[in-house]
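See below for the structure under consideration.
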Ligand code: F0G
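In the numbering used here, the protein residues as written are 2 to 461.
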């Protein structure tokens, strides 16, 4: 008999945090107070928190020990030099600017590279990344393959770039209007979908032809590397660390939210091979973040990040991390819940348009579903649909093809039993889906509205 070898967590628990269980009545009150926006709930009122995988990881004993080695000097902290060494060794980028988190790096980079009227092609937008591009007068153009916009399509690399789309943009606007191509590994808004090494290599060749930079949003690069190892034959026997380095070598620089892959609660950086861009970034970081050897972080945060980066590219870690996400996806599929396929790297993305087909996108199906799941079980999820997409600079709503609800799995935090509870909650809501009505937005902030918008239920 063939007995499979299951994944299991390559760690054990040393400390636990007790969770609060709530009653349906308490959850109803909390959801009303939060204006039906899961971002506005108090985390105390949440049982299992799948809002995001950002800054929610459990650190290892080594990382905690590293925190005690924080050198809190204003300038030249030894933790900065340690981080710089690890970034160079793990990712290969030459120059490092630490920032308080990913968007700090996006702000600085956009200000340096983008001019009014520039075009920034990318493999699907990310909320903060696109906003920083727009705030300095750039225009984002989506060049991801069409398959990425179809939740049912099982393409193994839905993060791939459609090179024809890119070439058309280059011909239309001219290469001088395109400061860089913005490439995310493990594309968040597509459902944590990877880009293949083959596609990235072809993209490198095309951009070289026109002397256009590739800037890498490397927030979840290790997770992307795992899919390359599993799905691209030539990489079957390579380690995650080797694949990560190879991905980075195909790009010219990167912005990083270390709050994801790199297993820390706060931190990020800008990494770049070009000295002139680095020099300008070193000027700007002082304005927006802090001195170039701390960028808004404490020395101890940089030490935890350096150690987290090392742990993040270990094969056993990634196998268990994505194994857990996959397990939840399989449980959801068992209950026939429509999810984005293939199962992605950092969470399960439920297709809210298919779950609640009777609710028009303008009545926020994914936002509505987030509220329903919380009311059922205290599980907190996040909308990734029309609310997240926001408005164009002209004021019109972006109408994304994907109307998704993200069940994001924090790293090294929850158990398989938690995954069962989550899938069962989704299944219970699925059973009474026809009775669920949509919502209207009653308060809308100007920027990144999904964080603070408020809603009312229809006919309630
Ligand atoms: N790029 C990607 C792909 C991200 O997922 C995020 C954050 C950022 C950049 C910005 O980084 O938050 O450190 O400033 N994503 C979080 C999420 C917020 O929940 O998906 P940040």
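Just so you know, even glycine gets a beta-carbon here, dropped at the ideal spot from N, CA and C.
Predicted model only: the values in this text are computed from it and were never measured.
Residue-chain proximity (residue i, chain B), Cβ-Cβ < 8 Å
| i | result |
| --- | --- |
| residue 388 | Among the protein chains of the structure shown there is no chain B, as only one such chain exists. |
Distance between residue j and residue i (C-alpha atoms, nearest Å)
| i | j | result |
| --- | --- | --- |
| residue 248 | residue 226 | 8 Å |
| residue 307 | residue 301 | 10 Å |
| residue 202 | residue 144 | 16 Å |
| residue 5 | residue 321 | 15 Å |
| residue 420 | residue 276 | 46 Å |
| residue 64 | residue 283 | 27 Å |
| residue 244 | residue 236 | 8 Å |
| residue 213 | residue 342 | 32 Å |
| residue 310 | residue 436 | 46 Å |
| residue 428 | residue 382 | 15 Å |
| residue 66 | residue 323 | 26 Å |
| residue 133 | residue 325 | 33 Å |
| residue 171 | residue 272 | 26 Å |
| residue 347 | residue 238 | 23 Å |
| residue 391 | residue 163 | 24 Å |
| residue 168 | residue 412 | 38 Å |
Residue i CB to nearest heavy atom of ligand 1 below 7 Å
| i | result |
| --- | --- |
| residue 260 | yes |
| residue 325 | no |
| residue 466 | Nothing in the structure corresponds to residue 466, since the chain is present only between 2 and 461. |
| residue 129 | yes |
| residue 389 | no |
| residue 185 | yes |
| residue 194 | no |
| residue 104 | yes |
| residue 55 | yes |
| residue 202 | no |
| residue 138 | no |
| residue 163 | no |
| residue 50 | no |
| residue 218 | yes |
| residue 269 | yes |
| residue 189 | yes |
CB contact flag (residue i, residue j, <8 Å)
| i | j | result |
| --- | --- | --- |
| residue 113 | residue 224 | no |
| residue 147 | residue 183 | no |
| residue 121 | residue 180 | yes |
| residue 497 | residue 51 | Residue numbering for the chain in the displayed model covers 2 to 461; residue 497 lies beyond these limits and cannot be assessed. |
| residue 370 | residue 356 | yes |
| residue 128 | residue 449 | yes |
| residue 149 | residue 95 | no |
| residue 152 | residue 232 | no |
| residue 317 | residue 440 | no |
| residue 83 | residue 296 | no |
| residue 458 | residue 92 | no |
| residue 340 | residue 350 | yes |
| residue 71 | residue 299 | yes |
Residue environment, residue i, which counts as buried when at least 16 other CB atoms sit within 10 Å
| i | result |
| --- | --- |
| residue 528 | Missing from the structure shown is residue 528; the chain here goes from 2 to 461 and no further. |
| residue 303 | buried |
| residue 1 | What the structure shows of the chain is the stretch from 2 to 461, and residue 1 is not part of that stretch, so it cannot be assessed. |
| residue 418 | exposed |
| residue 80 | buried |
| residue 359 | exposed |
| residue 294 | buried |
| residue 60 | buried |
Start and end residues, alpha helix (DSSP H) containing residue i
| i | result |
| --- | --- |
| residue 320 | 316-335 |
| residue 92 | 79-92 |
| residue 216 | First-last for residue 216: 214-218, but that is the beta strand (DSSP E), not the alpha helix (DSSP H). |
| residue 165 | 164-174 |
| residue 140 | Here residue 140 belongs to no alpha helix (DSSP H); instead the beta strand (DSSP E) covers 140-143. |
| residue 181 | That residue, residue 181, is in no alpha helix (DSSP H); its beta strand (DSSP E) goes 181-185. |
| residue 456 | It is not in any alpha helix (DSSP H) - residue 456 instead sits in the beta strand (DSSP E) that spans 455-458. |
| residue 443 | Careful: residue 443 lies outside any alpha helix (DSSP H), inside the beta strand (DSSP E) at 440-444. |
| residue 22 | Residue 22 -> no alpha helix (DSSP H), and no H or E assigned at all. |
| residue 304 | 300-313 |
| residue 482 | Since the first and last residues shown for the chain are 2 and 461, residue 482 lies out of range. |
Where the beta strand (DSSP E) containing residue i begins and where it ends
| i | result |
| --- | --- |
| residue 122 | 120-123 |
| residue 99 | 96-100 |
| residue 419 | No beta strand (DSSP E) contains residue 419, which is instead part of the alpha helix (DSSP H) from 417-432. |
| residue 352 | 348-352 |
| residue 255 | 254-258 |
| residue 273 | 269-273 |
| residue 406 | 405-409 |
| residue 247 | Segment 241-250 is the alpha helix (DSSP H) holding residue 247; no beta strand (DSSP E) there. |
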